[in-house]
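In our numbering, the protein residues as written are 25 to 577.
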């Protein structure tokens with residue numbers, strides 16, 4: 025007869041270094057405080073962003089592209105989720121899709137700041153919760169949040185709809201969960217961190233580096249605390265499984281749809297174009313990395329060595345891990361250049377995760393200081409306040425940037441930046457797009473009547489609020505679209521919308537004379553400095569016009 029031994033939970037968990045099945049001592053839950061922090065920063069960033077975007081015309085075209093895709097999810101004919109595409113990490117677009125349910129909010133640009141403000145507010149909530157666990161006094165917590173929130177680089181990316189705060193917010197939330205796990209030993213926080221990283225992984229691929237470092241840290245800290253192999257393995261596997269599953273699934277989708285399992289890396293909007301990347305020597309990369317820290321996140325100059333010292337000299341493994349995370353965030357831009365994973369090297373926006381991880385490191389240093397925590401927190405506030413004018417001035421002259429200089433000019437002068445040039449000689453503003461969109465909205469009402477290369481004209485499409493008017497590459501895929509482009513009348517097309525200059529627009533390449541306004545058959549009906557709309561007469565024969573070659577995009 026077989027004897028069954030019943031093992032009680034307390035016996036089964038004996039020797040386990042983590043808290044399982046019970047809530048350990050932790051700071052009291054204050055959902056109302058988190059809600060107030062979230063509401064304050066969401067409203068503040070949305071209000072400030074409306075002024076910057078709508079009144080001062082500082083907005084990135086990548087944001088308009090994602091909103092156009094989100095609009096297609098709801099309002100295309102037929103509406104399709106596949107409009108999200110593979111150019112961006114999928115959640116960078118999908119998470120803002122609810123903002124595009126109402127056309128008017130999109131065409132008015134009112135949702136542009138909200139697309140980033142929500143995620144910036146989530147970041148502030150996570151930081152506030154970390155400071156509560158670090159026992160930082162309330163007034164100092166709020167001072168840190170306000171000083172960080174007023175940093176001009178944070179303001180730029182929190183208020184102009186960019187996608188960077190989408191993945192950054194999720195990474196900071198994951199780090200906050202690991203912060204709580206180390207303090208409380210509650211294994212549930214590890215699982216929460218794993219879920220956050222799994223979402224972050226398809227909102228911004230850079231988050232995978234921080235995920236890998238976190239997995240190593242969890243195993244190393246558990247081993248150091250004396251956990252047996254089963255506990256270490258189970259915890260690390262539980263943490264990593266959601267992210268591994270999500271990335272495996274996304275890789276399979278890429279294999280099925282694009283016949284390349286790693287297209288999400290090689291064909292993303294961040295991947296370097298062949299031959300189009302500036303060459304850096306090792307010395308230049310080192311210098312550029314130093315300037316990125318110096319101008320974008322100067323607090324890291326103090327926090328990084330302090331974390332490393334605390335880690336080694338005081339036996340503080342979490343401080344050492346945060347130091348490694350901060351060091352990785354500093355080295356990542358250079359690594360992306362070396363591995364040719366970016367077409368925009370060493371941009372100032374890369375300082376955003378450096379700054380935020382520096383603040384997390386400073387919060388941990390405040391907790392580790394015990395009686396000196398108030399002094400450390402106060403010094404963090406002072407450092408963040410001093411960095412505001414320093415970073416603002418650097419944004420005006422820093423070599424590698426997008427909208428930093430126009431943004432700095434806009435908020436210091438209060439003047440519209442329409443027509444201004446960025447430091448890389450790109451024009452700022454959307455007057456051309458708004459004018460063309462207004463003409464189309466007033467004169468076109470038939471679905472699929474405007475043939476266009478949405479990769480170049482997405483801003484016009486978005487501002488009309490009617491993606492169903494356009495016969496574009498997302499609707500029909502590249503193959504059928506190119507067939508229609510060679511004989512538009514056959515497919516019921518009445519207009520061609522193309523870029524006025526040859527900037528990669530496939531229609532401009534195919535009909536250069538029409539774009540120039542010299543095609544006898546394709547008459548210009550409306551033109552702006554950036555775009556031209558030509559009519560396609562009934563019975564139009566492409567052979568009667570001067571056409572170019574239609575290549576692959």
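Just so you know, even glycine gets a beta-carbon here, dropped at the ideal spot from N, CA and C.
If you draw a straight line from the Cα of residue 272 to the Cα of residue 89, it comes to about 27 Å.
Residue 156 has its alpha-carbon roughly 10 Å from the corresponding atom of residue 53.
Going by C-alpha positions, residue 235 is about 37 Å away from residue 78. As a beta-bridge residue in DSSP terms, residue 451 pairs with 445.
The alpha-carbon separation between residue 314 and residue 244 amounts to approximately 30 Å.
In terms of Cβ geometry, residue 557 and residue 517 do not form a close pair [threshold 8 Å].
Between residue 350 and residue 382 the beta-carbon gap is near 6 Å, inside 8 Å, which marks them as a contact. DSSP places residue 319 in the helix class (H, G or I) of the three-state scheme. Between residue 564 and residue 481, the C-beta spacing is not below 8 Å. Less than 8 Å divides the Cβ of residue 454 from the Cβ of residue 83. Cβ-Cβ separation between residue 463 and residue 550: approximately 5 Å, consistent with a contact (criterion under 8 Å). The criterion of a C-beta distance shorter than 8 Å is satisfied by residue 242 and residue 260.
Note that the region 219-235 touches the region 184-197; at least 3 beta-carbon pairs, one per stretch, sit closer than 8 Å. Fully enclosed beta strand (DSSP E) runs of no fewer than 3 residues are not present anywhere in the region 149-192. Within its own chain, the residues whose Cβ lies closer than 6 Å to the Cβ of residue 387, once the five positions on either side in sequence are excluded, are 154, 155 and 158, listed in chain order.
Residue 523 carries a strand assignment under DSSP once its states are collapsed to helix, strand and coil. Where residue 476 is concerned, the enclosing beta strand (DSSP E) starts and stops at 474-476. For the pair residue 524 and residue 487, the CB atoms are not nearer than the 8 Å cut-off. Listed in chain order, the non-local C-beta contacts of residue 206 below 6 Å within the same chain comprise 342, local neighbours out to five positions each way being set aside. Note on residue 376: 16 or more other CB atoms within 10 angstroms of its CB, so buried under the neighbour-count rule. In this structure, the CA atom of residue 99 is about 9 Å from the CA atom of residue 124.
For residue 490, the closest of 110, 509, 127 and 81 by C-alpha to C-alpha distance is 127. Inter-residue distance for residue 548 and residue 559 is about 6 Å (C-alpha atoms, whole angstroms). Nearest in C-alpha terms to residue 114, of all of 93, 248 and 131, is 93. Leaving aside the five residues that flank residue 264 on each side, the residues in its chain whose CB is nearer than 7 Å to its CB run, in chain order, 218 and 239. Per DSSP, residue 105 has no beta bridge partner at all.
Note that the C-beta distance between residue 515 and residue 508 is below 8 Å. In the three-state scheme derived from DSSP, where H, G and I count as helix and E and B as strand, residue 559 is classed as strand. Its Cα nearest to that of residue 417, the residue 433 stands out among 346, 426, 561 and 433. Note on geometry: alpha-carbon atoms of residue 426 and residue 278 lie some 29 Å from one another. Contact between residue 73 and residue 183 holds, since their C-beta atoms are separated by about 3 Å, short of 8 Å.
In this structure, residue 61 keeps its C-beta atom at 8 Å or more from the C-beta atom of residue 170. A distance below 8 Å separates the beta carbons of residue 228 and residue 191. In this structure, DSSP gives residue 126 a state outside helix and strand, which the three-state scheme calls coil. Taking the C-beta atoms as reference points, residue 374 is found nearer than 8 Å to residue 316.
Runs of alpha helix (DSSP H) with 4 or more residues, each lying fully within the region 368-420, are found at 375-392, listed in chain order.
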